[in-house]
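Structure record follows, encoded as structure tokens.
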Amino acid sequence: WVPPTGRGALYIRPVLWGSGAILGVAPAPEFTFMVYVCPVGPYFKGGMTPIKLKVSDEYHRAAPGGSGGVKAIGNYAPGMMPSKMAKVEGYAEIIYLDAVEHQYIEEVGAANFFCVKDNVVYTPDLTGTILPGITRASVMQIARDLGHEVREERVDVDMALDADEAFCAGTAAVISPIGSIEHGDKIAHYCNGEVGPITRKLYDALVDIQLKRADDRHGWIRTLEL
Numbered sequence: 070w071v072p073p074t075g076r077g078a079l080y081i082r083p084v085l086w087g088s089g090a091i092l093g094v095a096p097a098p099e100f101t102f103m104v105y106v107c108p109v110g111p112y113f114k115g116g117m118t119p120i121k122l123k124v125s126d127e128y129h130r131a132a133p134g135g136s137g138g139v140k141a142i143g144n145y146a147p148g149m150m151p152s153k154m155a156k157v158e159g160y161a162e163i164i165y166l167d168a169v170e171h172q173y174i175e176e177v178g179a180a181n182f183f184c185v186k187d188n189v190v191y192t193p194d195l196t197g198t199i200l201p202g203i204t205r206a207s208v209m210q211i212a213r214d215l216g217h218e219v220r221e222e223r224v225d226v227d228m229a230l231d232a233d234e235a236f237c238a239g240t241a242a243v244i245s246p247i248g249s250i251e252h253g254d255k256i257a258h259y260c261n262g263e264v265g266p267i268t269r270k271l272y273d274a275l276v277d278i279q280l281k282r283a284d285d286r287h288g289w290i291r292t293l294e295l
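Just so we're on the same page, this note's numbering is the position in the sequence shown counted from 1, plus 69.
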């Protein structure tokens, strides 16, 4: 069953796991590949309602020299407890800082982080600890198509708190506007709790391509015959 347009999506997840006859900690001699699909609603329950996030100074998603830039299942385990704790406190998710200087934003749970300042779109650069998301790349391209300067660089948490808009992006989240970010005793509010104009513009442009309401200039869309 595929949810009606605007009410959900059919999430497609490819999985590759080692299934060979081995018990030790070593690469498996054989692997199994599968794809499963599931009808889903919005990743964040409020849909395009701006979300409330908290910066973690205690927990980190990944460290340099590890596998943070790879979509490996083990990368999700360290974030499960912090995410659960944040939700109990009323936040939608955690923002993770870098594990070395504890100063630069890396990711929002399982989504990439963006912020906007003076019409410039910023996102953390790929340092090996951040997933090179497909939606991240799409948003960057669309922003450039719409005439915005896009900067991939280290995003200082204080700069993000001073931004005009903030949002996160990912396959499940698509684009989710951020209404507020709390870091210690600092709280940043964006766009009076409304969806920012650039965030809205990027979301509409991306979804219009996905739904074939706009030209697919970059050849992103593939039609699957069912």
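Glycine included, every Cβ here is placed at the ideal spot set by N, Cα and C. Note that the structure is predicted; figures quoted are calculated from it, not measured.
Going by CA-CA distance only, name the one from S249, R269, G197, T268 that's closest to G262. S249
Would you check if the segment 214-223 and the segment 246-260 touch, i.e. whether three or more CB-CB distances between them fall below 8 Å? Not touching, per the Cβ criterion.
Note down, one range per segment and in chain order, each beta strand (DSSP E) of at least 3 residues found wholly within the segment 135-161. Here no run is fully enclosed.
If contact is defined by three or more beta carbon pairs under 8 Å, each pair taking one atom from either stretch, is the segment 160-172 in contact with the segment 284-294? no
Rounded straight-line distance, which links the Cα of L200 to that of R130: Each residue's Cα considered, the two are about 11 Å apart.
Can you tell me whether G103 is helix, strand or coil according to DSSP? Looking at the sequence itself, residue 103 is Met, so the reference to Gly does not match. Note: M103 maps to strand in three-state DSSP.
Check whether the segment 182-202 touches the segment 227-242, taking contact to mean three or more Cβ pairs, one atom from each stretch, closer than 8 Å. Enough Cβ pairs lie closer than 8 Å, so yes.
Measuring CB to CB, does T240 end up less than 8 Å from I211? no
Suppose you measure from the CA of Q279 to the CA of Q172; what does that come to, to the nearest Å? Computed Cα separation, rounded: 35 Å.
What does the alpha-carbon distance come out to for the pair E175 and P83? 24 Å
From the DSSP secondary-structure annotation, give me the bridge partner or partners of A235. C184
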